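Here the structure comes first, spelled out in C-alpha cells, and everything after it is commentary.
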Amino acid sequence: MLEVKDVTVSAGDRQILNGLTLTIRDGEVAALMGPNGSGKSTLAYVMSGKPGYIIESGEILLNGENILDDEPDVRAAKGLFLAFQHPVEIPGVAAMTFLKAALNAQRKYRGESELSTPDFMKRMRTAAKSLEIPQEMLKRALNAGFSGGEKKRMDILQMAVLEPSFAILDETDSGLDIDALRIVASGVNALRAPSRGFLIITHYQRLLNYIVPDTVHVMAQGRIVRSGGKELAVELEKSGYRDYTTESAVA
Amino acid sequence: MEHYRGAKPRLPGGRNISGWRDCCFRAFESAGLPHRRIESWHYTDLRALMRERLPLANPPAGEAIEKLNRQLAGPMAAKRRIVLADGYFVPELSSPLPEGVRVRSLAAALAEDRPGLIPLLSCGGLGEEDPVLALNAAMMQSGALIEVGPGVAVNEPIHLVYAAAAPSPVSYFSRSVLTVGNGACVRLAEWGLSPGGPASSPRQANAVLAIDVGEGASLFHSAKAGGAASGSIQLDSLLARIGAGARFETFSFVSGAAALRRQMFIRLEGADSEASIKGVSLLRGREHADVTLRLEHAGARCRSREIFKYIADEQATGVFQGKIRVLPEAQKTDAKMLAKAVLLSESAAMNSKPELEIFADDVVCGHGATSGSLDKDQLFYLQSRGLRFDEAEALLLEAFAADVIDSIGYEEVAKRFRNAVRAWLSARRRTELEAEPATA
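So the sequence lines, in the order shown, correspond to chains A and B. Quick note on the working numbering: the first sequence kicks off at 696 and runs consecutively. Quick note on the working numbering: the second sequence kicks off at 9 and runs consecutively.
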C-alpha cells in the first residue's frame with residue numbers, strides 16, 4: 696500500500712505540491728489525471744526520490760514505512776518502480792547487463808540471494824516475448840537509438856523483471872501510436888496482481904480504455920481535487936479540466 | 009649546461025653523433041626547460057614541476073637485473089619482450105624475438121657513429137622544434153632499435169618494457185626506433201614495470217619512440233603510461249611517419265601517473281593510409297596528465313580518427329592538445345578528432361585545445377571537445393532501478409571509457425584495458441568508502 700500524507704513540495708521558489716493526500720491500496724489501479732502544471736510528474740519524482748525537490752512537510756509511506764529519507768535505490772529495493780515519461784538513454788551499457796545488475800542489487804538489499812544468469816535470462820526472455828521485444832535489442836545499449844515506443848516497452852520489461860510492489864507510470868502513453876499503446880497496456884495488465892498497486896499518470900482518457908482503472912483522481916494545483924470511479928475519466932474527456940482549475944482557485 | 013657537459017663523456021657516440029648531440033643541446037638551451045609561456049607547454053609547466061634534476065642513471069647492476077628477472081618471470085615468461093632498465097637495453101632480460109624481427113642496442117649503434125643513423129633516430133625531423141625532444145637527443149643513453157623486415161607478419165605482440173632498476177631516484181633518457189618494413193604487420197605494446205611500494209623511487213624519464221611504417225604495412229601500437237613512484241615525471245614522445253597504403257593504430261592508456269606528458273608527432277606521408285589515434289586517461293589525487301598530439305596529413309586520401317577520453321577525480325588535471333594539419337597536397341583528407349572528459353569533483357580540471365590547420369580545399373575535417381560531470385538524469389535513472397549511487401557512477405564511467413576501448417581491434421588487448429579501468433574504479437570506490445565518516 697502507498698500512502699501520500701499531506702505532502703507539500705517546492706522546487707526553486709515555487710510550491711508545486713500543496714498538502715497532497717492520496718492512498719493506493721494493494722491490488723488497486725489508480726489513475727491520476729490533471730491539467731499541465733498540476734504537479735503530476737512532480738509527485739512521481741518525489742515518490743521515486745529524484746533530487747532537486749524540497750519536501751516541506753508530509754510523509755510518503757510504502758507498506759507502512761516512510762520512504763522520503765530513503766535513497767532512490769533503497770526505494771526501488773523496497774518495491775517502488777517508476778516508468779519514466781522520457782526514459783533515459785544510457786549509451787555503452789547493455790540493457791540486459793544493466794537489468795541483471797539492478798535486480799541483483801535490489802535482491803542483495805532485501806537479503807535475497809542473487810538470481811543466477813540462467814534464471815535471470817529465463818525471466819527476461821519470457822517478459823521480452825510478451826512485450827514483442829526482440830532478443831537482440833536487449834544486447835544493445837539501453838534505450839540508445841530506440842524509438843519512443845521501444846523505450847516505453849523496455850521500461851515495462853524492466854517492471855516485469857523487477858517485480859515491484861508499487862509501480863508509477865508517468866505519462867506512459869505519451870508519444871505512442873495505437874499498436875505500441877496496446878502492447879504496453881497488455882504488458883501492464885499482465886502485471887496486475889492483488890499484491891501490486893499502480894498509479895497511472897496520464898493526460899488523456901484513451902490509455903484508460905486499455906488499462907481500466909479502479910479509481911480515478913483529478914489533480915490540480917498540487918492537490919487532489921476530485922476522486923471517483925473509471926467513469927470520471929470519461930467525464931473529464933467530455934468536459935475538460937476547466938472546472939477543476941477554477942474550483943481550486945476558489946479554495 | 010654543466011649537467012650536459014658533465015654527462016657527455018659517458019654518452020655513447022663518436023664525432024658525428026656528438027656533433028648532433030651538441031646541435032640538439034643548443035636547440036634545447038635556446039628554448040630552455042618549457043614553461044607556461046611556451047604555447048605548446050602552456051598547461052604543463054616543466055620548469056615548475058622539475059625543481060631539481062635527478063642524477064643520470066647508470067647501467068643496471070647485476071643485483072637489480074636479478075630482481076627484474078624474477079619480476080618478469082611467471083606470466084611474462086612466454087612473451088616476446090625487449091627490456092630497457094632505466095633506459096638501458098638489457099639483452100639478458102629480453103627474450104628471443106619472432107622470425108623476421110631484429111633488435112639491437114641503441115648504445116652499440118651510437119658507438120658505431122654512422123651518420124646515417126641520425127635521420128632514423130630523428131624520424132625525419134618530426135617535432136624537432138620541441139625542447140624536450142631536443143634534450144632527449146642530446147642526452148640519450150640507450151634504447152632499442154627494432155626492425156621488422158619487409159613482408160613479415162608477426163602473430164604475437166612484441167613488448168617493449170621500461171623497467172625501473174636503480175633503488176635511488178634517477179633520471180634517464182632513452183630513444184628507441186621501430187622500423188616496420190613494407191607490407192609487414194606487427195603489434196608493439198609499451199608498458200612500464202616498477203617494483204612498487206617502498207622499494208620504488210621516483211624517476212625523471214624522457215623516453216622517445218620513433219616509428220617508421222613502410223608502404224602497405226600495418227602497426228598496432230599500445231602504450232600503458234603511469235604507475236611510476238610518486239614524485240616521478242614522465243615525458244614520453246612518440247614520433248611516427250606513415251607510408252602509403254599503410255595502417256597505423258595507436259592506443260594510449262594513462263593511469264597512476266603523477267606528472268606525465270605524452271606527446272605524439274605523427275605524419276601521414278603517403279597517400280591512402282589510415283590512422284587511429286586513441287586514448288583513455290584516468291586521473292585522481294593530484295595527478296597531471298597531458299596528451300599533446302600533432303598530426304600532419306601530408307598524403308592524399310588518408311583517413312584519421314582521434315578520440316581521447318579522460319576521467320578526472322579529486323584535484324587531478326587533464327590536458328589534451330590536438331592539432332591536425334592538412335597540407336595542400338593532402339586532398340580528400342578525412343580527419344575527425346574528439347576529446348571528452350568527465351570531471352568527478354569540483355577541483356578536478358580539464359584543459360582541451362583542439363586545433364585544425366587546413367591548407368587543402370577538398371577535405372572533411374572536424375574536431376570537438378566536451379567536458380563536464382556525469383549526466384544527472386542518467387545517474388538517477390540507474391539509481392531508480394536499484395543501483396546505489398556509487399554503483400551507478402561506476403557503470404557510467406565504465407561505459408564512458410568503453411567505446412574507445414571497444415574499438416581496439418585485438419580483443420585480448422581491449423580486455424586488458426577494460427579490466428584496468430574496472431580496477432581503477434574499484435580502487436577509487438574503496439578509497440571513498442574508507443573516507444566516509446562512520447555513521448553513529
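Cβ atoms here follow ideal geometry from the backbone N, Cα and C, with glycine treated the same way. Predicted model, so just to flag it, every value in this text is computed and none were measured.
Item: Rounded to the nearest angstrom, what separates residue 364(B) and residue 140(B) at their Cα positions?; Value: 23 Å
Item: Quick one: give me the first and last residue of the alpha helix (DSSP H) that residue 884(A) is part of.; Value: 873 to 885
Item: Quick check on residue 219(B): buried or exposed, where buried means 16 or more other Cβ atoms within 10 Å of its Cβ?; Value: buried
Item: If I follow the unbroken beta strand (DSSP E) through residue 184(B), where does it start and stop?; Value: 178 to 188
Item: As a quick exercise: from 236(B), 264(B) and 310(B), pick the residue whose alpha carbon is nearest that of residue 256(B).; Value: 310(B)
Item: Among 723(A), 854(A), 716(A) and 874(A), which one has its Cα closest to the Cα of residue 735(A)?; Value: 716(A)
Item: Does any C-beta atom of chain B lie closer than 9 Å to the C-beta of residue 893(A)?; Value: no
Item: Check whether chain A comes within 9 Å of residue 355(B), counting only Cβ atoms and requiring the distance to be less than that.; Value: no
Item: Give a yes or no on whether 9 Å exceeds the smallest Cβ distance from residue 382(B) to chain A.; Value: no
Item: Which ranges does the beta strand (DSSP E) cover as unbroken runs of at least 3 residues, wholly within the segment 199 to 256 of chain B, from first to last along the chain?; Value: 211 to 221, 226 to 233 and 241 to 250
Item: Just to confirm, is the Cβ distance from residue 307(B) to residue 338(B) under 9 Å?; Value: yes
Item: At a Cβ cut of 8 Å, what residues of the segment 789 to 818 of chain A count as close to chain B, listed as they run along the chain?; Value: 793, 794, 796, 797, 798, 800, 801 and 804
Item: What residues of chain B sit near residue 768(A), judged by a beta carbon separation below 7 Å?; Value: 391, 394, 395 and 396
Item: Cα separation between residue 161(B) and residue 189(B)?; Value: 10 Å
Item: For the segment 731 to 763 of chain A, which residues have a CB atom closer than 8 Å to at least one CB atom of chain B, in sequence order?; Value: 743, 744, 745 and 746
Item: With 16 as the cutoff for other CB atoms within 10 Å, does residue 120(B) come out buried or exposed?; Value: exposed
Item: What's the gap between the Cα of residue 7(B) and the Cα of residue 101(B)?; Value: The structure shown does not extend to residue 7(B), since chain B is modelled only from 9 through 448, so no value can be given for it.
Item: Can you find the residues in the same chain that come closer than 6 Å, C-beta to C-beta, to residue 910(A), ignoring five residues on each side of it along the sequence?; Value: 725
Item: Give the residues of chain A in contact with residue 399(B), contact being defined as C-beta atoms less than 7 Å apart.; Value: 800
Item: With 16 as the cutoff for other CB atoms within 10 Å, does residue 401(B) come out buried or exposed?; Value: buried
Item: Closest to residue 270(B) by C-alpha separation, out of 22(B), 330(B), 312(B) and 69(B), would be which residue?; Value: 330(B)
Item: Between residue 377(B) and residue 356(B), is the Cβ-Cβ spacing less than 9 Å?; Value: no
Item: Which class does residue 946(A) belong to by DSSP, given the choice of helix, strand or coil?; Value: Per-residue confidence for residue 946(A) stands at a pLDDT of 44, beneath the threshold of 50, marking its modelled position as unreliable; no derived number is given.
Item: Using the three-state DSSP reduction, which class does residue 448(B) fall into: helix, strand or coil?; Value: Bear in mind that a pLDDT of 46 at residue 448(B), under 50, signals an unreliable position, so the model cannot answer this.
Item: For residue 11(B), write down the residues that DSSP places opposite it in a beta bridge.; Value: Beta-bridge pairing links residue 11(B) to no other residue.
Item: Does the pairing of the segment 260 to 270 of chain B with the segment 14 to 27 of chain B give three or more beta-carbon distances under 8 Å?; Value: no
Item: To the nearest angstrom, how far is the alpha carbon of residue 706(A) from that of residue 399(B)?; Value: 27 Å
Item: Which value, in whole angstroms, describes the spacing of the CA atoms of residue 35(B) and residue 29(B)?; Value: 10 Å
Item: Can you pull out the residues from the segment 771 to 782 of chain A whose beta carbon lies closer than 9 Å to at least one beta carbon of chain B?; Value: 771, 772, 775, 776, 777, 779, 781 and 782
Item: I want to verify the contact list: residues of chain A whose CB lies under 9 Å from the CB of residue 410(B), in sequence order.; Value: 787 and 788
Item: Within its chain, find whatever has a CB closer than 6 Å to the CB of residue 165(B); leave out the 5 residues flanking it on each side and keep chain order.; Value: 195 and 197
Item: Which stretch, first to last residue, makes up the beta strand (DSSP E) that contains residue 927(A)?; Value: Premise fails: residue 927(A) lies in the alpha helix (DSSP H), 926 to 934, not in any beta strand (DSSP E).
Item: Compare the beta carbon distance of residue 254(B) and residue 305(B) with 9 Å and say whether it is the shorter of the two.; Value: no
Item: Taking the alpha-carbon positions, what's the residue 290(B) to residue 128(B) distance?; Value: 33 Å
Item: According to the neighbour-count rule (16 or more other Cβ atoms, all chains shown, within 10 Å of its Cβ), is residue 936(A) buried or exposed?; Value: buried
Item: So with CB distances below 9 Å, who are the chain A contacts of residue 402(B)?; Value: Correct list: empty, because the minimum Cβ distance to chain A is about 10 Å.
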